[in-house]
Amino acid sequence: MVLLDIKNLTLEIELSGEWVKTLDKINLVIHEGEIHALVGESGSGKSLIVKAIVGALPNKRWRITADRMTWLGQDMLAMSALSRRKLIRNDISVIFQNPIGSLDPILPLGKQLKEVLDIGKIRKSWFWKKKQQKHKMAVDLLHRVGIKNHELCLSSFPHQISNDVLQKFMIAMALASGPKLIIADDPTRGMEVNAKTQILKLLSRVNQVRNTSILFVSHDLLAISSMAHFMTVLYCGQTVETGELKKLRKRAFHPYTQALLDSAPSFRKDLPPKSKLSSLPGTIPTLHHLPIGCRFGPRCPRARKECVTTPAVRKIHNHYYSCHFPLHWEGK
Amino acid sequence: MSNVFVRYFNLMLITLVILSLFSFFLAYLFPGHPIENLTGVRLADISQLENSEFKYRSGESMLVQYWHYMSALFEGNWGKSFNSGLPLYDEITNVLPASIELSSYALFLSVLVGIPLGFLAAMKHHKFTDYSLLSVSVLGYSIPVFWLALLVILIFSLQLGWFPLSGRISLFYEIPKVTGFIMLDIFLSEIEDKQAAVNNVIRHSILPTLSIALVTTTLIIRITRRSVIETMNTEFIQAAFARGLSTRQVLFRHGIRNALMPIFPLLAMQFTTLLTNAMIVETIFSWPGIGNWLIQAIYHQDYPAIRAGMLAVSALVVIFTMSIDLTIRLMDPKRRRLKRAAI
């Protein structure tokens, strides 16, 4: 079953008087129970997609348009602010990159966790038991994410707790409303390996046990390849390639995907010792100087004259890519 | 916790000591004999002078003199006024509460009006409400206080006759002085019609309060507006929206507390502006406060009064600011020590 279906999502931002397309025709489909990875360099608009989905953008200087942006068949852009808020409250949870920044600094963690608990479950109990029940639910959630010292955690303030425990707490908060989709926006950023593994294991367990879909936004290819089923590659606000992770790894069609995979040495078994690591020359263009057509054009090793027009999305089975000269067309 | 107390107490003590030193040296810096400036007794009264010389040890070194000055200060012997010949301690305890009363009315009013308006302006950021509030606040901020007070008198008491021109309470009422705060004194006194006296006091205090409160209100609006805008743009407010909370929930559970946190120390800073403005306004409204009294003392070159009045006012400001700072420091959970326990 398709949970989230986004087609041609365009997000424009006003930069010194003119509208710049920071996201250009993004396509993203998330099925129930899958882990979908969203990959791209920093500055490619990964976090913007997340914010556009949950509506956490201040709506003044932004313009969102999409051919289709549906949640279980309901149009998210057409629905009222209230019903959209309810949808996000009940079905979608977000884990942000920076746990300490996304928690209220002067409220104990317990209060913040109890604030997002599933209200439907509490309403059934008598009012004098509510507080007790809320506390029990909060403690349960903390145990589920592997925080043992729950009393200390619930009474602490965000700055008193280490980053990885706080990220676990954020996952507990994300689980509190019993969502169908968890959007994890680079949850392991800046963590040491041990903590990172714990968080990733936790997320995959949530996915397996509760059949929750996860949109995993990251640039950590190693982590993604160990847990994700699908992968969408993003470059400078354009979706470059989407497909099953295994197929993508075996045979990427888009030169950018190939470059991305090559840049991770652990993916290359044929890499001889002491050889140069491959990297793509150049950097991601700034918003003021976006190239026309395929935005990857100026850095692409295979670019030709035709690349100044935006390539259409092509499809081979479940594998979408947008490139005029994909890697498997060696003949042309 | 206790070391915070110690640190703030230390800071306050040192500031007060420096203030007292300064006030002591004022006696030497003012024209005239230091003993005259310290005691307020003219040199002509020889016998008394001998007494005071004995008390202040004017022949000995500066440090010893300062020590005796301080001990006299704590005994309540602040010298006498040249002008009235009354002990300064009694005079100051008479006039200082009136000033504190007026300033606290003004502070209360400006907080009550300024903070909600600041929130309103911030929530309607870059809209008509915001711009109009901001321009009104710039206007209010730019009006000189003394001119506003004169204007207010001209319109509301001379033209319209709504409020009395000057003073603190009508001469009909004779309130015995107990605390110096007129409202408290009315409740403590034995007079017959307390309600009428209270009404009279309120009518007297409206104009001076309004003219002082205007500047502080506009300042508070601007401080609040900036702080709320900053808070609403922070990551955790956006995150709270992303969790599906409504604007009301976000504002009341997370916004207000976080926005008010940085405002309070700035409010404490406003108290000095408030007291300065109160001094000017007191003179215009003949309010029997410390400002009026000090300006009279300056007119009459009443050096002991200037010295004691300056010390009293500055000590009040220092103690008030420090205690507000300490309260905020103790309230702020962000400054609480890390637990450093494994979770």
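Protein chains in written order, with this note's numbering: chain W, 1 to 332; chain X, 1001 to 1343.
Note that CB positions come from ideal geometry on N, CA and C, so glycine has one too.
Quick caveat, the model's predicted, so the values are computed rather than measured.
- Note on Y1299/X: under 16 other CB atoms within 10 angstroms of its CB, so exposed under the neighbour-count rule.
- Nearest CB-CB separation between K1124/X and chain W: not below the 7 Å threshold.
- Going by C-alpha positions, T1273/X is about 17 Å away from V1113/X.
- Proximity to V217/W across T232/W, N211/W, G237/W and Y256/W peaks at T232/W, based on C-alpha coordinates.
- If you check each beta-carbon in the stretch 1239–1262 of chain X against every beta-carbon of chain W, the ones closer than 7 Å belong to A1239, F1241, A1242, R1243, G1244, S1246, R1253, H1254, R1257, N1258 and M1261.
- Listed along chain W, the residues sitting closer than 8 Å to E1235/X by beta-carbon distance are F96, N98, G101 and S102.
- By a beta-carbon distance limit of 8 Å, F157/W contacts P1333/X. Their separation comes to about 5 Å.
- For R63/W, the enclosing beta strand (DSSP E) starts and ends at W62 to T65.
- Chain X has a Cβ within less than 7 Å of the Cβ of A56/W.
- Against E115/W, the close residues of chain X are R1253, in the order they occur along the chain (beta-carbon pairs closer than 7 Å).
- A contact between stretches requires three or more CB pairs, one per stretch, nearer than 8 Å, and the stretch 77–97 of chain W meets this requirement with the stretch 45–57 of chain W.
- The C-beta distance from A1240/X to A1106/X rounds to 36 Å, too long to fall under 8 Å, and the pair is not in contact.
- Taking 7 Å as the threshold, the shortest C-beta distance from R268/W to chain X does not fall below it.
- A distance below 7 Å separates the beta carbons of N8/W and D67/W.
- Here E1101/X has F1181 as same chain residues with Cβ atoms under 6 Å from its own Cβ, once five neighbours each way along the sequence are excluded.
- For H1068/X, the enclosing alpha helix (DSSP H) starts and ends at M1062 to F1074.
- DSSP lists A37/W and G243/W as the beta-bridge partner residues of M231/W.
- In this structure, the alpha-carbon of G146/W lies about 19 Å from that of P108/W.
- Annotated three-state conformation of L72/W is coil, per DSSP.
- The C-beta distance from V1152/X to L1210/X rounds to 7 Å, short enough to fall under 8 Å.
- By the Cβ-count criterion, F1024/X is buried, with 16 or more other Cβ atoms from all chains shown falling within 10 Å of its own Cβ.
- Proximity of chain X to I88/W at the Cβ level (cut-off 8 Å) is accounted for by A1242, R1243 and G1244, in chain order.
- A direct Cα-to-Cα measurement between N211/W and L1117/X gives close to 48 Å.
- Residue pairing from DSSP places P1087/X in a beta bridge opposite K1080/X.
- With fewer than 16 other CB atoms across the displayed protein chains lying within 10 angstroms of its CB, P273/W is exposed.
- Under DSSP, H319/W takes part in a beta bridge, and its partners are I316/W.
- Beyond the five residues adjoining it in sequence on each side, S155/W comes within less than 8 Å, by CB distance, of P108, L109 and G110 in the same chain, given in chain order.
- Annotation for V20/W: the continuous beta strand (DSSP E) segment containing it runs E18 to H31.
- Selection K21/W, K114/W and H324/W evaluated against I64/W yields K21/W as nearest (Cα-Cα).
- Under a 10 Å Cβ-count criterion, F1252/X is classified as exposed, with fewer than 16 other Cβ atoms of the shown protein chains found around its own Cβ.
- Scanning its chain for C-beta atoms nearer than 7 Å, with the 5 sequence neighbours on each side dropped, one finds around D1302/X the residues S1081, F1082 and N1083, in chain order.
- Taking 8 Å as the cut-off between beta carbons, none of the residues of the stretch 182–201 of chain W comes near chain X.
- Between R249/W and L261/W, the alpha-carbon positions lie close to 7 Å from each other.
- When the beta-carbon positions are compared, I1229/X and H1126/X stay at least 7 Å from each other.
- With respect to the 7 Å criterion, S279/W and D185/W are not classified as neighbours on the basis of their beta carbons.
- Inter-residue distance for M1070/X and I1220/X is about 38 Å (C-alpha atoms, whole angstroms).
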